[in-house]
Each structure stands twice: as C-alpha cells, then as structure tokens.
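Peer 1: Protein chains in written order, with this note's numbering: chain A, 10 to 234; chain B, 6 to 426.
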Amino acid sequence: MSPRGLLESSRGAQGAGRSLGMGCAAALVLALGACAPSEGPDARAAETTRAGEVAFADAPERLPPHAPARFAFGSPADDARVAMWDIDVRPDGAGLPPGSGTVEEGRQVFNVQCIACHGPTGTEGPNDRLVDTEQWDAYPTTRTVGNYWPYATTLYDYIGKAMPQLTPGILSSDQVYAVIAYILYLNEIVPEDAVMDARTLPEVVMPARDKFVVDDRVGGSGSVR
Amino acid sequence: MPRDDRSRLSRRAWITTTSGVIAAGLVKTQSDAIRLVAQEAPTPGTDPTKVPGRLVSELGSRAPGEQPRRLVRAEALSSSSRTPLADLMGTITPADLHFERHHAGVPDIRYEDHELLVHGMVDRPMVFRMSDLGRFPQVSRIQFLECSGNGGGVYSRTRMPTEVTVQALDGLLSTSEWTGVPVSTVLREVGVRPGASWILAEGGDAAVMSRSVPLDKVMEDSLLAYGQNGESLRPEQGYPLRLFNPGYEGNTSVKWLRRIEVTDRPTHTRDETSKYTDPLGDGTVRQFSLVMDAKSVITFPSYPYVLPERGWWEVRGLAWTGRGRITRVEVSTDAGRSWADAELQGPILPRSTVRFRHLFEWSGGDTMLLSRATDETGYVQPTVQQLWEARGPSTSYHQNHQRAWKIARTGEVTFGLGELV
C-alpha cells in the first residue's frame with residue numbers, strides 16, 4: 010500500500026492489515042523451513058492454517074472473521090457514471106451504440122484514418138493485415154478479419170476505443186460502423202450495399218466463427234495438449 | 006585538465022589539507038569534516054580502507070559496474086522489452102527490470118485521479134479511488150508474470166537461431182512480490198449476482214486493453230495489485246492499479262485497471278480472439294488458453310557465455326508453472342541421454358518461479374544442456390517435438406517446451422535446440 014493509502018486507512022483496516030502481514034511472515038518462515046524435506050512442511054503449514062493464520066503459500070487469503078459484511082469504502086456509481094465508461098461491445102450486440110455506416114462512407118474513413126498503418130487495401134501493413142479472403146482448413150498462415158476474427162462485433166469493441174492508434178477514440182459511431190462495413194466488404198463478407206448498425210453488425214457471420222474451441226488443457230501427466 | 010584528474014587532485018588536496026582546514030576554523034564539527042572529505046565518490050582503484058566512503062543518500066543506485074538492461078524489441082507504441090534473466094539471481098525481478106508489453110504505450114496516470122469502476126451483474130455498482138482500495142485488507146504474494154508470447158521466437162521448424170540469449174528468448178518472464186487487495190474482497194463489497202461467470206477487465210491506457218477472465222479464477226486468487234517489490238507499481242507495470250491473475254498469461258493481468266464488469270459470458274475482445282489464441286493445426290483455434298503450463302529455462306550457462314575452462318560448473322535456471330507448485334526440475338548435461346534431479350531453492354511457492362541448480366563437471370567436450378520441469382499436477386515440460394505434434398506449426402503462444410544450450414569444445418555456449426529437431 011502506498012503511504013497515502015496508509016495515512017487514509019481507518020484504524021480497523023490498519024489492524025486487519027497488520028494481522029494479515031504477520032500471517033504472511035509466519036507462513037513464509039514455515040515455507041523456508043520447507044527447504045528441508047524432513048521437516049514435513051505441508052503438515053506444519055496445514056496446522057498453521059487450522060490455527061486461523063493466513064497461509065501465504067497455500068490457500069487463498071481470507072478476510073479475518075471479524076471483518077464487516079461491507080466495508081462501505083468507495084462511492085456508488087449511478088447509471089450515468091457507469092454509462093460513461095461502459096463501452097464494451099459483445100457478440101450478441103450488447104453495448105452497440107446508435108448510428109450506422111455504409112461501405113462507401115467507410116472507404117472514405119479508411120482512406121483518411123487507417124491507410125497509413127494498414128495499407129491501401131488492408132493487406133500492405135506496416136501494421137496488422139486486415140484483409141484475407143483465403144480461408145483455411147488445417148491452420149491459418151494469416152490472421153485477418155476475413156479469415157480469423159470470429160465475431161464482427163469485436164471490430165466495434167476494438168476500433169471504437171483504440172483506433173486510430175495515434176488518436177484513439179476520435180471516430181464517431183457512424184464512422185466506426187462505416188469503416189467496419191468497408192473492412193467486412195474488403196473481406197467479401199458483406200456486399201457493397203451493406204449498412205452496418207446495432208442491428209446488422211451482430212448478424213454478420215464471420216467465416217472463422219465455428220473454428221474457435223475453449224481451452225481443454227488441465228495439466229496432469231496425460232498427453233501434451 | 007580532464008575532469009577525473011581534477012577531482013583526483015582535489016581529493017588529494019582535501020586529504021592533505023584537512024587538518025589545516027580544521028586548524029583554520031573552516032571546519033567546526035566532525036560532521037563538517039566528514040562531509041568535506043566524503044562528498045565525492047572515492048576514486049576507483051583507490052584502496053577503500055584508506056579513504057572514507059560516500060555518505061548516506063536518499064536514493065540508492067546500482068554499483069557502477071552493474072548495468073543490467075531490458076532488451077527493447079522495437080521503439081514502437083505496441084512493443085515489448087525483456088528481463089535480463091541471465092543477469093539476475095534468486096527469483097525476484099528488480100522492478101525496473103520487469104519485462105514490458107504495452108499495446109499503446111505507458112500512460113501517465115496520477116494516483117489521486119485514478120478510479121476503478123465495478124459494475125455489471127452486481128448489487129451495488131461502485132467507484133473506488135486508490136485511497137479506498139488501500140483501506141481494504143491487504144495481501145502480498147511472490148508470483149511470476151509471463152507473457153504467453155514468451156519463447157515464441159523459436160517456435161519454427163525452419164528457423165532455429167543459435168546466437169540467441171535467454172533474455173531474447175524467454176525474457177518476457179518476471180517475478181515480483183505483488184501487493185494489493187484480493188478481487189474477491191472487492192466483489193464481496195459490491196455483491197455479485199447469481200448467474201455471473203466472467204468478468205471483463207479494462208485498462209485506462211490508449212489501447213483500452215480489455216480481457217475476459219473467468220469469475221472463478223478472480224475469486225480464487227486474483228489481486229487488484231498496487232504494490233510491486235515493496236513499492237508502488239512502476240508505470241510500466243500498470244501504476245497505480247493492475248489486475249494480477251496468478252499463473253495466467255500476462256495479457257489478462259490488465260494494467261492501469263479502470264473497470265471491472267461482472268458478466269455471464271466472455272466479451273470476445275480483440276486480444277482474446279484475433280490475438281492470444283492458438284490455431285492447433287486440426288482446423289480449430291484454442292481460445293482462452295489462459296493458464297501457463299510448467300516450464301523451465303537454464304539461465305547459466307547460456308549464450309553468449311564462454312566457459313573459460315573445463316571443471317566444475319553450476320547449471321542455474323528458473324522453473325515455474327501456472328498450475329501450482331513446481332515439484333521437480335531435471336537437468337541433462339549430455340543432450341538428453343541421462344537426467345539428474347536439480348536442487349530446488351525453497352521456498353517453493355505456488356505460481357511463482359523456483360531457482361534450480363545442478364552442479365556438473367564439464368569434461369571439455371561438445372555437449373548439450375537441457376532442463377525439464379514437473380509440476381504438482383504431474384505435468385512434465387514437453388519436448389519441442391511433443392509440442393509440435395500436439396499443436397501443429399501455426400501457434401507461437403505458450404511455447405513452454407524444453408530449451409537446450411550447446412557447449413562447444415571451445416567453451417562457447419549457443420542455443421542448441423536446432424540440433425535436437
């Protein structure tokens with residue numbers, strides 16, 4: 010904790026911090042004892058945990074038993090405060106703002122805002138290649154919007170907040186929808202007359218969508234995954 | 006006159022005239038005299054027992070001859086720098102040498118201004134200032150952070166460099182004592198609603214970096230970290246606040262954390278779809294491959310070190326796993342024909358690095374050094390062939406295969422994996 014944080018701490022929180030710190034120190038000594046295999050460190054650590062100490066090296070830290078149900082630190086965030094920062098966009102369309110854009114409008118945005126980093130056709134770089142209409146069977150050799158991105162909504166989530174790189178967040182929602190329409194058009198995913206908005210964007214089915222599977226590694230001595 | 010000569014002269018003058026100065030009444034107290042004599046650094050090469058040393062200072066610095074540096078990949082907004090693993094001892098990474106991976110540079114954020122918004126599927130959406138977070142019961146843990154792109158540079162069947170340092174290869178790994186408040190404490194404060202299963206963590210940098218993390222994980226052991234090795238976070242590590250997910254790929258430990266949204270599904274942000282995913286070679290792409298599997302690297306001897314003579318040397322390195330504790334590290338000094346258990350330096354902490362050492366006698370011939378780690382789940386660090394077979398040629402993330410260092414008769418050490426594949 011920073012000195013400022015400490016200065017502002019209540020007496021109760023300081024006390025809690027101290028007891029946690031001592032628990033950590035005690036467990037560290039135990040863990041150091043673990044260097045000698047004959048010491049039986051696990052048993053001793055477990056004993057300490059049972060005695061109510063916080064075990065540094067083992068179980069996740071728990072609040073002390075006398076901790077209040079709520080500390081009442083912080084301030085309530087009303088809807089307006091949440092809305093100010095709640096900018097993420099999900100595949101189901103949640104978070105998409107009003108607005109719309111066409112492929113042609115997007116071409117103009119792209120040629121002003123994006124071309125320097127992504128090239129005239131979204132393939133030249135120097136930064137990420139955006140366009141590849143070649144699909145793949147076993148594995149990709151490029152990872153572009155056209156052959157790798159599983160959800161079109163991610164384009165809004167990302168471009169809206171983080172692009173263009175040197176002036177992030179300057180595009181209007183209309184411009185973001187438009188440039189997405191253009192990038193999807195370049196990838197032959199939507200037709201030239203497509204209009205992107207909060208309704209149409211989540212409906213776009215990306216070519217690579219069904220290729221994504223959730224991690225199934227679990228450790229253990231089984232086969233390498 | 007060169008500056009050095011001048012200061013040497015003046016030092017001699019001080020020493021020879023100190024008594025005269027005192028006699029003249031210019032120095033009234035002992036501390037005046039000490040300050041006069043010791044105000045400059047002793048001249049290198051001087052017998053340090055014959056001249057007083059420097060005075061105490063407000064801020065220390067490394068010995069002048071010690072100049073460890075991060076290896077900067079590129080001067081770009083989205084870039085990385087790597088920890089000089091071969092220069093370090095033990096497990097803790099000095100904060101100024103912790104690796105960096107930024108996607109839009111390092112923001113300047115004032116402690117007083119920073120806010121964390123916690124909302125979504127919660128009973129009470131809240132904003133916490135740093136002073137609020139500092140009041141919650143605090144914990145500290147020594148744990149590693151590794152970028153899942155670490156080691157990706159040598160995942161290629163066609164290009165296996167020999168003149169590569171362990172820093173360039175695996176320097177996107179650092180270990181710190183992280184201090185902060187458990188995420189579970191803050192989520193308890195806001196009240197997580199039934200049905201919630203993920204969070205979205207978002208940074209306040211120009212990339213507005215965001216990642217989805219399973220709620221179970223953050224409730225288990227994730228921290229809202231504001232401390233690193235006894236001081237506040239460095240700006241490059243997310244000052245004033247970062248998420249820290251022990252054992253997870255580094256990108257999920259979102260820096261400059263400004264928002265947590267509790268959700269019932271992942272958000273599928275750019276960095277968990279188009280980046281940090283693993284095409285497996287069978288037509289599928291592995292997503293949310295979050296845990297860092299067991300891995301070890303030999304940090305000494307490694308390129309570009311040259312063993313000056315045959316005889317006894319100690320192989321030293323680091324091992325770690327995102328799945329708990331390392332239980333064993335084996336070292337081979339004969340290109341994998343035989344393996345010996347390395348000594349593990351305790352304490353062996355979960356989701357932390359472990360220093361391993363193995364004494365061996367180099368006979369002066371060509372040989373190869375390898376290491377392989379085993380963790381408490383029984384997982385054994387795979388060979389590069391095993392990893393290629395399991396994952397195909399396309400992904401460069403999560404390259405935790407065994408590394409190898411070749412020792413030539415000349416004592417020159419080079420990266421040797423290319424000779425094993």
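C-beta: ideal position from N, C-alpha, C; glycine also.
A quick note: this is a predicted structure, and the numbers were derived from the prediction, not measured.
So, is R264 of chain B buried or exposed, given that buried needs 16 or more other C-beta atoms within 10 angstroms?
Peer 2: In the second sequence, counting from the first residue as 1, residue 264 of chain B sits at position 259. Under this definition R264 of chain B is a buried residue.
Peer 1: What distance in whole Å lies between the Cβ atoms of G154 of chain B and L177 of chain B, which are believed to be in contact at a cut-off of 8 Å?
Peer 2: As a working mapping, residue 177 of chain B is identified with position 172 in the second sequence. As a working mapping, residue 154 of chain B is identified with position 149 in the second sequence. Their Cβ separation, rounded to whole angstroms, is 6 Å, which keeps L177 of chain B and G154 of chain B in contact under 8 Å.
Peer 1: Do you know whose CA, among B:R115, B:E194 and B:D175, lies nearest R140 of chain B's CA?
Peer 2: Numbered from its first residue, the second sequence carries residue 140 of chain B at position 135. Out of B:R115, B:E194 and B:D175, B:E194 has the C-alpha closest to the C-alpha of R140 of chain B.
Peer 1: Between W410 of chain B and W367 of chain B, is the Cβ-Cβ spacing less than 7 Å?
Peer 2: In the second sequence, the residue the question calls residue 410 of chain B occupies position 405. In the second sequence, the residue the question calls residue 367 of chain B occupies position 362. Taking 7 Å as the Cβ cut-off, W410 of chain B and W367 of chain B do not qualify as a contacting pair.
Peer 1: Please classify K33 of chain B: is it buried, with 16 or more other beta-carbons within 10 angstroms of its beta-carbon, or exposed?
Peer 2: The residue labelled residue 33 of chain B in the question sits at position 28 within the second sequence. Answer is exposed; the Cβ neighbour count stays below 16.
Peer 1: Buried or exposed for G65 of chain B, going by 16 or more other Cβ atoms inside 10 Å?
Peer 2: Locating residue 65 of chain B in the second sequence gives position 60, counting from the first residue. It is exposed - the Cβ of G65 of chain B has fewer than 16 other Cβ atoms within 10 Å.
Peer 1: Can you give me the Cβ contacts of G369 of chain B inside the same chain, cut-off strictly under 7 Å, excluding the 5 residues immediately before and after it?
Peer 2: Along the second sequence, one-based indexing puts residue 369 of chain B at 364. Within the same chain, G369 of chain B has close Cβ partners R315 and R414.
Peer 1: In three-state terms, what does DSSP make of E197 of chain A?
Peer 2: Sequence index remark: in the first sequence, residue 197 of chain A carries index 188 (1-based). DSSP places E197 of chain A in coil when its eight states are reduced to three.
Peer 1: Hey, how far is the Cα of E348 of chain B from the Cα of I331 of chain B?
Peer 2: Here residue 348 of chain B is taken as the residue at index 343 of the second sequence, counted from 1. Here residue 331 of chain B is taken as the residue at index 326 of the second sequence, counted from 1. For E348 of chain B and I331 of chain B, the distance between alpha carbons rounds to 12 Å.
Peer 1: Using a Cβ-Cβ cut-off of less than 7 Å, give me the residues of the segment 127-138 of chain B that come near chain A, in sequence order.
Peer 2: The residues in question are R129, P130, M131, V132, F133, M135, S136 and D137.
Peer 1: Below 7 Å between beta carbons: does that hold for P129 of chain A and A217 of chain A?
Peer 2: Here residue 129 of chain A refers to the residue found at position 120 of the first sequence. Here residue 217 of chain A refers to the residue found at position 208 of the first sequence. Going by C-beta atoms, P129 of chain A is not nearer than 7 Å to A217 of chain A.
Peer 1: Quick check: is the beta carbon of S279 of chain B nearer than 7 Å to any beta carbon in chain A?
Peer 2: On the second sequence, position 274 is the one that residue 279 of chain B refers to. Answer yes: the Cβ-Cβ gap between S279 of chain B and chain A drops below 7 Å somewhere.
Peer 1: Residue range of the alpha helix (DSSP H) that M93 of chain A falls in?
Peer 2: Working through the first sequence from its first residue, we reach residue 93 of chain A at position 84. Where M93 of chain A is concerned, the enclosing alpha helix (DSSP H) stretches over D88 to W94.
Peer 1: Residue range of the alpha helix (DSSP H) that S136 of chain B falls in?
Peer 2: As a position in the second sequence, residue 136 of chain B is number 131, starting the count at 1. It spans M135 to R140 - the alpha helix (DSSP H) in which S136 of chain B sits, taken as one unbroken run.
Peer 1: Counting C-beta neighbours from all protein chains within 10 Å, is the total for V426 of chain B 16 or more, i.e. buried, or is it exposed?
Peer 2: By 1-based counting over the second sequence, the position of residue 426 of chain B is 421. With fewer than 16 Cβ atoms within 10 Å of its Cβ, V426 of chain B is classed as exposed.
Peer 1: Relative to chain A, which residues along the segment 379-395 of chain B have a C-beta separation below 8 Å, given in chain order?
Peer 2: Listed by position, the residues of the segment 379-395 of chain B near chain A (Cβ gap below 8 Å) are D380, T382, G383, Y384, V385, P387, Q391, L392, E394 and A395.
Peer 1: What is the DSSP secondary structure of E63 of chain B, reduced to helix, strand or coil?
Peer 2: Against the second sequence, residue 63 of chain B aligns to sequence position 58. Coil, per DSSP.
Peer 1: Using a threshold of 7 Å, state whether the C-beta atoms of P271 of chain B and S217 of chain B are closer than that.
Peer 2: Counted from its first residue, the second sequence places residue 271 of chain B at position 266. Counted from its first residue, the second sequence places residue 217 of chain B at position 212. Yes, Cβ-Cβ distance for P271 of chain B and S217 of chain B is below 7 Å.
Peer 1: Going by C-alpha to C-alpha distance, which of A:L164, A:D97 and A:R79 sits closest to R129 of chain B?
Peer 2: Translated into positions along the second sequence, residue 129 of chain B becomes position 124. Of the listed residues, the one whose Cα sits closest to R129 of chain B is A:R79.
Peer 1: Give me the Cβ distance between Q148 of chain B and T180 of chain B, rounded to the nearest whole Å; I'm assuming they're in contact under 8 Å.
Peer 2: Looking up residue 148 of chain B in the second sequence gives position 143. Looking up residue 180 of chain B in the second sequence gives position 175. The pair is a contact, with the Cβ atoms about 7 Å apart (cut-off 8 Å).
Peer 1: Does the segment 393-406 of chain B come close enough to the segment 344-358 of chain B that 3 or more CB-CB pairs lie under 8 Å?
Peer 2: No, the segment 344-358 of chain B is not in contact with the segment 393-406 of chain B.
Peer 1: Let me know the secondary structure DSSP gives K300 of chain B once reduced to three states.
Peer 2: Counting from one through the second sequence, the residue named residue 300 of chain B turns up at place 295. Strand at K300 of chain B.
Peer 1: At a Cβ cut of 8 Å, what residues of the segment 178-190 of chain B count as close to chain A, listed as they run along the chain?
Peer 2: Residues T184, P187, S189 and T190.
Peer 1: For D346 of chain B, name the three-state secondary structure that DSSP assigns.
Peer 2: Residue 346 of chain B sits at position 341 when you count from the first residue of the second sequence. Strand, per DSSP.
Peer 1: Can you name the residues of chain A whose CB is closer than 9 Å to the CB of T358 of chain B?
Peer 2: Counted from its first residue, the second sequence places residue 358 of chain B at position 353. Ordered by position in chain A, no residue passes the 9 Å Cβ test against T358 of chain B, which lies about 14 Å from the chain.
Peer 1: With distances taken Cα to Cα, identify the nearest neighbour of L105 of chain A among A:H127, A:V222 and A:I96.
Peer 2: Counted from its first residue, the first sequence places residue 105 of chain A at position 96. Here the closest residue by C-alpha is A:I96.
Peer 1: So what does DSSP say about F119 of chain A, is it helix, strand or coil?
Peer 2: As a first step, residue 119 of chain A is located in the first sequence; it is residue number 110 there, counting from the start. It is helical.
Peer 1: Check whether chain A comes within 7 Å of E451 of chain B, counting only Cβ atoms and requiring the distance to be less than that.
Peer 2: Given that chain B is displayed from residue 6 to residue 426, the structure contains no residue 451 of chain B and the question cannot be resolved.
Peer 1: Just to check my reading of the structure: L262 of chain B and L246 of chain B have Cβ atoms closer than 8 Å, yes? What is that Cβ distance to the nearest angstrom?
Peer 2: Here the question's residue 262 of chain B lines up with position 257 in the second sequence. Here the question's residue 246 of chain B lines up with position 241 in the second sequence. Between L246 of chain B and L262 of chain B the Cβ distance is about 5 Å, and since that is below 8 Å, they are a contact.
Peer 1: Within 7 Å of any Cβ in chain B, is that where the Cβ of F119 of chain A sits?
Peer 2: Sequence index remark: in the first sequence, residue 119 of chain A carries index 110 (1-based). No - not a single Cβ of chain B is within 7 Å of the one on F119 of chain A.
Peer 1: For D141 of chain A, which residues in chain B fall below 8 Å Cβ to Cβ?
Peer 2: Taking the first residue of the first sequence as position 1, residue 141 of chain A is located at position 132. Here the premise fails: no neighbours, minimum Cβ distance about 12 Å.
Peer 1: Quick one, which of A:P173, A:Y148 and A:N136 has its alpha-carbon nearest A211 of chain B's?
Peer 2: Stepping through the second sequence from its first residue, residue 211 of chain B is reached at position 206. Taking only the C-alpha atoms, the option nearest A211 of chain B is A:P173.
Peer 1: Could you tell me the distance, in whole angstroms, from the CA atom of E151 of chain B to the CA atom of V132 of chain B?
Peer 2: The residue labelled residue 151 of chain B in the question sits at position 146 within the second sequence. The residue labelled residue 132 of chain B in the question sits at position 127 within the second sequence. One C-alpha to the other measures close to 29 Å.
Peer 1: Nearest chain A C-beta to H119 of chain B closer than 7 Å, yes or no?
Peer 2: Your numbering for residue 119 of chain B matches position 114 in the second sequence. Cβ-Cβ to chain A under 7 Å: no for H119 of chain B.
Peer 1: Run through the segment 174-227 of chain A for me and flag every whole alpha helix (DSSP H) of 4 or more residues, listed as ranges in chain order.
Peer 2: Listed in chain order, the complete alpha helix (DSSP H) runs (minimum 4 residues) inside the segment 174-227 of chain A are 182-195.
Peer 1: What's the C-alpha gap between V191 of chain B and L228 of chain B?
Peer 2: As a working note, residue 191 of chain B is residue 186 in the second sequence. As a working note, residue 228 of chain B is residue 223 in the second sequence. Between V191 of chain B and L228 of chain B, the C-alpha separation is close to 10 Å.
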